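Note sheet for the following structure.
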Amino acid sequence: MPRHYTRACNFYFGKQSKILVNKKRSIPLHQIKEISFDHIEIITRKTIRKISINKIKNLPKKLKTKINSDLKKIKSKKSNFSNLNFKKIPNILGVLNLTPDSFSDGGKFNKKNKGISHAFNLYKTGASLVDVGGESTRPGSRKVDEKREWNRIYKILKLIVKKIPISLDTRKSGIMENGISMGVKLINDVSGLSYDPKTINVLKKYKIPFVIQHSVGTPENMQKKAKYKNELLDIYDYFEDKINLIRSKGIKHNNIILDPGIGFGKNLKHNMNLIRGVSIFHSLGFPILVGNSRKRFIKDISKKNDSETRIGGTMASSIYLMMQGIQILRIHDVNEVVQGIKVFNQIIKN
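Below, the structure is given as C-alpha cells:
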C-alpha cells in the first residue's frame, strides 16, 4: 500500500463556518469554529483524490484508519505559548533585521535608536512577537561568525527583551543560549536545527519553544540545490524525520512550530506549490509558520524587483495563507498586513 497523506481543503470562515460546524457538515480546524473544512485530499506520490468528509466512512479500513489518525491531529486544540494565541488565525511574527545586508531592509534598522523604535512599532501595530536577527540568510549570503552576530543584536536585545515578546532568529547554539538567558520566548532556526550540532542540546536544556524551518544546503548554495521529487511531500517527510530526531534526543514538549521555508532552496514553482498545498502540514499536528513577506516569488510573478515595496504580493499571499488555517505569518509590514486581515475578517463576520 503506498504512503498516504491527508490535506484539509475547502475551508469556510466566520459565521458560515460556525453554522456548518454546528450542523456537523464541516470539521473545525484545531477546535476553532470560525474556520472549518468539508473536504480532504488523499495524496500519494502518484495520485490526488478529493473527497467529502462524509465519504471517509466508505474508505477501505486501513486507509480510513490512517485518514482518521491525521484528522485527529488536524482537529486537536493547540495550546498557546510564546505569546502566540492559537485561538486566532493568524498570529504575526514581526521582522527586525539588525543586519547591513538582509534582502529587503538590510542596514535600515541596525542602528540602536532605529532598531529599538522599529521593534516597539512592530509590536504596537499587531505583532505577537518580534523576530530579531543579526545574520542575513538571504540566497547567496555568507555566514557571519558568532561574535559579530551577537555584537549586532546584543545592545538592542538588552533594551527590548523585557518589554516586548522577542523571538530570536539564529542558527547558532551560543547565541541561542545567550538570548534565552536574557528572556527571549522563541528560537527561530532557519537551518532546521542542522547548522549547529549543539542546537538540539540547548533547546532540550532550556525547554524553550522553537521553529523548525525547512531549507536545503546553506544560504550560499541553497538556490543551486532546489530539486525535489515532490516538494510538498518531500518537505512533509522532512518534518516527520526532524520530529522523530528531536524526540529521540529527549525533547518531549509540543511547543514546536513548523515552517516550510518559502524561498529557502525553492524556485517559483516550488514556492507556489507549497503555498497552494500548505494545509497538508496541519496533519503533522503542530502550528505552521510561513515567511511569505516580500519574498522573491512576488518579484518573479510581478516582474518588478522592488523588495521594499512588495506589500501587494505579501497581502495577497497572507490572506490566502490565512484561508488555509496558517497560524503564524512572518511579516515585515505588520501594520499593513494587520489592517488587511481586519478588513477581511469584518467582511466575513456576518
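Under my numbering, the letters of the sequence shown match residues 598 to 947, in that order.
Each residue gets a CB set at the ideal place from its N, CA and C atoms; glycine is no exception.
Since we're looking at a predicted model, the values are computed, not measured.
Going by DSSP, what residue range makes up the alpha helix (DSSP H) through residue i?
i: Asn870; result: Leu865 to Arg873
i: Glu837; result: Glu828 to Ser845
i: Leu756; result: Glu743 to Ile757
i: Phe878; result: Per DSSP, Phe878 belongs to no alpha helix (DSSP H) and is neither H nor E.
i: Phe894; result: Arg893 to Ser899
i: Ile777; result: Ser770 to Met779
i: Leu617; result: Gly611 to Asn619
i: Asn932; result: Val931 to Ile944
i: Ser666; result: Lys658 to Lys672
i: Leu855; result: Premise fails: Leu855 lies in the beta strand (DSSP E), Ile853 to Asp856, not in any alpha helix (DSSP H).
i: Leu918; result: Ile908 to Met920
Taking only the alpha-carbon atoms, compute the straight-line gap between residue i and residue j and give it to the nearest angstrom.
i: Asp786; j: Lys630; result: 32 Å
i: Gly691; j: Pro657; result: 45 Å
i: Lys685; j: Asn775; result: 31 Å
i: Lys901; j: Leu926; result: 23 Å
i: Pro625; j: Ile805; result: 29 Å
i: Ser770; j: Ala823; result: 26 Å
i: Asp766; j: Asn619; result: 41 Å
i: Asp793; j: Ala716; result: 27 Å
i: Gly611; j: Ile938; result: 13 Å
i: Lys849; j: Asp903; result: 43 Å
i: Trp747; j: Ser778; result: 13 Å
i: His929; j: Lys654; result: 44 Å
i: Ile639; j: Lys795; result: 38 Å
i: Thr662; j: Ile872; result: 27 Å
i: Phe952; j: Lys759; result: Only positions 598 to 947 of the chain appear in the structure, and residue 952 is not among them; the question remains open.
i: Ser961; j: Lys839; result: Lying outside 598 to 947, the shown extent of the chain, residue 961 is not represented and no answer is given.
i: Lys643; j: Gly909; result: 35 Å
i: Lys659; j: Asp667; result: 13 Å
i: Gly703; j: Leu790; result: Bear in mind that a pLDDT of 46 at Gly703, under 50, signals an unreliable position, so the number given afterwards is only what the model happens to contain. Straight-line Cα distance between these residues: approximately 24 Å.
i: Arg891; j: Arg600; result: 35 Å
i: Asn680; j: Pro687; result: 13 Å
i: Gln613; j: Lys652; result: 21 Å
i: Phe836; j: Arg622; result: 31 Å
i: Ile632; j: His867; result: 26 Å
i: Ser914; j: Ile772; result: 32 Å
i: Asn864; j: Glu743; result: 29 Å
i: Arg745; j: Ile757; result: 20 Å
i: Ser699; j: Val741; result: Only weak support is given to the placement of Ser699: the predicted model assigns it a pLDDT of 47, under 50, and the value that follows is read from those uncertain coordinates. In a straight line, the C-alpha of Ser699 is about 12 Å away from that of Val741.
i: Lys782; j: Asp834; result: 27 Å
i: Met869; j: Ile761; result: 34 Å
i: Asp856; j: Val808; result: 7 Å
i: Asp635; j: Ser714; result: 44 Å
If distances are taken between C-alpha atoms only, which option among the options comes closest to residue i?
i: Leu800; options: Lys740, Ile784 and Gln924; result: Ile784
i: Thr719; options: Ile763, Tyr751, Thr911 and Arg739; result: The sequence shown places Leu at residue 719, rather than the Thr named in the question. Cα-wise, what sits closest to Leu719 is Ile763.
i: Gly712; options: Thr722, Ile750 and Lys675; result: Ile750
i: Gly730; options: Thr911, Pro697, Lys760 and Asn665; result: Pro697
i: Arg739; options: Lys846, Asn889, Asp728 and Arg768; result: Arg768
i: Tyr602; options: Ser788, Ile637 and Phe678; result: Ile637
i: Val727; options: Ser733, Leu695 and Lys744; result: Leu695
i: Tyr803; options: Ser812, Gly780 and Lys896; result: Gly780
i: Asn851; options: Ile885, Asp897, Ser733 and Asp635; result: Ile885
i: Leu881; options: Met598, Lys675, Tyr609 and Lys615; result: Lys675
For residue i and residue j, which I take to be in contact (beta-carbon distance under 8 Å), what is that distance rounded to the nearest angstrom?
i: Ser725; j: Ile753; result: Not really, about 19 Å apart at Cβ, beyond 8 Å.
i: Gly546; j: Arg907; result: The shown model of the chain, from 598 to 947, leaves out residue 546, and the question about it has no answer.
i: Val931; j: Thr722; result: 5 Å
i: Arg935; j: Met912; result: The identity of residue 935 in the sequence shown is Val, whereas the question assumes Arg. With 8 Å as the limit, Val935 and Met912 do not qualify as a contact, their Cβ atoms being about 11 Å apart.
i: Ile843; j: Phe883; result: Going by Cβ atoms, the distance from Ile843 to Phe883 rounds to 11 Å, so no, they are not a contact pair.
i: His811; j: Gly847; result: So it is not a contact: roughly 23 Å between Cβ atoms.
Name the two residues that bound the continuous beta strand (DSSP E) containing residue i.
i: Ile797; result: Per DSSP, Ile797 belongs to no beta strand (DSSP E); it is in the alpha helix (DSSP H), Thr796 to Tyr803.
i: Ser649; result: Ile645 to Ser649
i: Gly730; result: Leu726 to Gly730
i: Asn680; result: Looking at the DSSP string, Asn680 is not in any beta strand (DSSP E), and its letter there is neither H nor E.
i: Arg600; result: Premise fails: Arg600 is in no beta strand (DSSP E) and is neither H nor E.
i: Gln810; result: Phe807 to Gln810
i: Phe861; result: Where Phe861 is concerned, there is no enclosing beta strand (DSSP E), given that its DSSP letter is neither H nor E.
i: Asn694; result: Asn688 to Asn694
i: Asn889; result: Unbroken run through Asn889: none, as it is neither H nor E.
Measuring CB atoms only, is the region 665-683 touching the region 922-929, in the sense that at least three cross pairs come out at less than 8 Å? In short, these stretches touch, since the Cβ pair count reaches three.
contact_flag[the region 924-944, the region 647-655] where n(CB pairs < 8 Å) is 3 or more: no
Check whether the region 872-881 and the region 827-835 touch, using three or more Cβ-Cβ pairs below 8 Å as the test. Counting Cβ pairs under 8 Å, three or more are found: they touch.
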